[in-house]
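For the record, the sequence lines run as chains A and B. 94 is the number of the first residue of the first sequence in my numbering; add one for each residue after it. 94 is the number of the first residue of the second sequence in my numbering; add one for each residue after it.
Number of protein chains: 2
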Amino acid sequence: MNTIIQQLRWRYATQRYDVTKKINETDLEVLKESIRLAPSSYGLQPYKVIVVESAELREQLFHQSYGQAQVTDASHYFVFAVQNTLETPHIDAYIDLVATMRDLDVNQLNGFAKMMKSTTAQLSPAQQFDWNSKQAYIGLGNLLTTAALLHIDATPMEGFNSKAYNELLQLNHHSAVLAVALGYRSSEDAYQFRAKVRKEADVFFETI
Amino acid sequence: MNTIIQQLRWRYATQRYDVTKKINETDLEVLKESIRLAPSSYGLQPYKVIVVESAELREQLFHQSYGQAQVTDASHYFVFAVQNTLETPHIDAYIDLVATMRDLDVNQLNGFAKMMKSTTAQLSPAQQFDWNSKQAYIGLGNLLTTAALLHIDATPMEGFNSKAYNELLQLNHHSAVLAVALGYRSSEDAYQFRAKVRKEADVFFETI
Chain A
94 MNTIIQQLRW
104 RYATQRYDVT
114 KKINETDLEV
124 LKESIRLAPS
134 SYGLQPYKVI
144 VVESAELREQ
154 LFHQSYGQAQ
164 VTDASHYFVF
174 AVQNTLETPH
184 IDAYIDLVAT
194 MRDLDVNQLN
204 GFAKMMKSTT
214 AQLSPAQQFD
224 WNSKQAYIGL
234 GNLLTTAALL
244 HIDATPMEGF
254 NSKAYNELLQ
264 LNHHSAVLAV
274 ALGYRSSEDA
284 YQFRAKVRKE
294 ADVFFETI
Chain B
94 MNTIIQQLRW
104 RYATQRYDVT
114 KKINETDLEV
124 LKESIRLAPS
134 SYGLQPYKVI
144 VVESAELREQ
154 LFHQSYGQAQ
164 VTDASHYFVF
174 AVQNTLETPH
184 IDAYIDLVAT
194 MRDLDVNQLN
204 GFAKMMKSTT
214 AQLSPAQQFD
224 WNSKQAYIGL
234 GNLLTTAALL
244 HIDATPMEGF
254 NSKAYNELLQ
264 LNHHSAVLAV
274 ALGYRSSEDA
284 YQFRAKVRKE
294 ADVFFETI
């Protein structure tokens, strides 16, 4: 069987982590880079990733996560913090980045900038946040696939008190949308032995 | 350099495909399976993937895609069709699937079913669709990472006339949210030589 598929079958939303096992620095960089390299609409990357290392902070986040022990027990804990809006200054900053990376004059990107500004101007702040959030989910998909290939366990989480997270992480222009615990499964986690449940291929796919 | 990172750097949103090169059946199955195995909230998988093989239909979709030639020129074209709502019948069908796959009695899953129904009942239809859509973006991330590892090019697309797509694909309870062209880059696609633009790691990550 193909290695990628084998590893995607191997992974599961880990419930109990082996608290003694830590992800090494090399793998950690690969995990992070897989998110940073994820594509996003227009390339805007309207989110950032907070790597929570402070044990004290993880304990506080745990109390806002409906009892999910992965927050404190996993080797690492990432929070995806999404930009609340998508406005002219964000687009201007991005245009500056494109110009720098591609050795262009900003004026050569006027058409691209105008198009993005006209698109985002049609969206309400709630719609901007929603669009931004979706981009973070692409990064999540990249991260989960990469973790599986590295034999690293992961638990994607949407279930936490977002407002409390925002305060604890001192977010102002961003909001916590997703979190991912990463590490190594405990041999005692019974969930690893449960059959993976997915829609059958003939239901999930339609070929026309 | 790590192979995964190397391949994520290799990939880019391909603009011009080599129309003579086709993805083989083995790779196609791996690409599809990488989406089907993607996780989703509660495991509900509130979307399906339409593999558009009909050349005539791809031509019609092209005309609703703002001139993006990838729709017709790439080897394959996938459309992610997201459930418009997330209601009791969806949850009941999922519970049946879990019971079958894990050889359980449906009654053993009453608590899980009740929890999901109570969560989704708090969401407006628009919020349900939005939540469903986000799950499709995880599948997209899995697909794009997998394609890159197989040296297959991909172009994720949000820019198309969704209403026209829904009609052409005869979607009733789903809406077209994302599309992905897949195949092999043309050697003449100038975009492959442009520097990849991503936020610097010290901006994109925050370690606390």
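Where is the CB? At the ideal position from N, CA and C, for every residue including glycine.
How would you call residue i, buried or exposed, if buried means at least 16 neighbouring beta carbons within 10 angstroms?
i, result
"ASN225(B)", "buried"
"GLN163(A)", "buried"
"ALA288(A)", "exposed"
"THR238(A)", "buried"
"GLY252(B)", "exposed"
"ALA167(B)", "buried"
"GLN263(B)", "exposed"
"ARG109(A)", "buried"
"PRO218(B)", "exposed"
Report the rounded CA-to-CA distance for residue i versus residue j, giving the unit in angstroms.
i, j, result
"GLN161(B)", "PHE155(B)", "7 Å"
"LEU137(A)", "ILE184(A)", "8 Å"
"TYR230(B)", "VAL175(A)", "15 Å"
"GLU281(B)", "ALA240(A)", "34 Å"
"LYS115(B)", "ARG102(B)", "22 Å"
"TYR135(B)", "PHE205(B)", "9 Å"
"THR178(B)", "GLN220(B)", "8 Å"
"GLU299(A)", "ASN200(B)", "31 Å"
"PHE222(B)", "THR96(A)", "33 Å"
"THR113(A)", "PHE286(B)", "44 Å"
"GLY61(A)", "SER133(A)", "There is no way to answer for residue 61(A), as the model of chain A reaches only from 94 to 301."
"ILE188(B)", "ILE98(A)", "25 Å"
"ARG104(A)", "SER279(A)", "13 Å"
"TYR228(B)", "LYS227(A)", "It is Gln, not Tyr, that sits at residue 228(B) in the sequence shown. The alpha-carbon atoms of GLN228(B) and LYS227(A) are separated by roughly 9 Å."
"ASP196(B)", "MET208(B)", "21 Å"
"MET194(B)", "ILE245(A)", "25 Å"
"PRO139(A)", "ALA186(B)", "35 Å"
Under 7 Å Cβ to Cβ from residue i, same chain only, skipping five residues before and after it: list those, please.
i, result
"ASP198(B)", "ALA192"
Spatial neighbours of residue i within its chain, please: C-beta separation below 8 Å, excluding the five flanking residues on both sides.
i, result
"LEU130(B)", "ASN235"
"LEU121(A)", "HIS169"
"ALA148(A)", "THR165"
"ARG255(A)", "The sequence given here has Ser at residue 255(A), not Arg. Closer than 8 Å at Cβ, skipping near neighbours: SER268, ALA269, VAL270."
"LYS210(B)", "THR181, ILE184"
"LEU261(A)", "LEU150, GLN153, LEU154, GLN157"
"VAL144(B)", "LYS125, HIS169, TYR170, PHE171"
Who are the Cβ neighbours of residue i in its own chain at under 6 Å, not counting the five residues just before and after it?
i, result
"LEU242(B)", "GLN100"
"ALA62(A)", "The question about residue 62(A) has no answer here: the residues shown for chain A are numbered 94 through 301."
"ALA106(A)", "THR248"
"MET250(B)", "ALA272"
"ASN259(A)", "SER268, ALA269"
"LYS141(B)", "ALA174"
"ALA257(B)", "GLN157"
"TYR159(A)", "GLY252"
With a cut-off of 8 Å on the beta carbons, I'd call residue i and residue j a contact; round off their distance for me.
i, j, result
"ASP111(B)", "TYR277(B)", "5 Å"
"LEU190(B)", "VAL290(A)", "6 Å"
"GLU146(A)", "ILE301(B)", "7 Å"
Is there at least one non-hydrogen atom of the ligand SAM closer than 7 Å to the beta-carbon of residue i?
i, result
"LEU197(B)", "This structure simply doesn't include the ligand SAM, nor any ligand for that matter."
Does the count of Cβ pairs from the stretch 206-219 of chain B and the stretch 202-219 of chain A closer than 8 Å reach three? no
With three or more C-beta pairs closer than 8 Å as the rule, is the stretch 119-134 of chain A touching the stretch 275-295 of chain B? yes
Members of the stretch 274-299 of chain B that neighbour chain E once the beta carbon cut-off is set at 9 Å: Note that chain E does not occur in the displayed structure, where the protein chains are A and B.
Counting beta carbon pairs with one atom in the stretch 256-270 of chain B and one in the stretch 166-181 of chain B, are three or more of them shorter than 8 Å? yes
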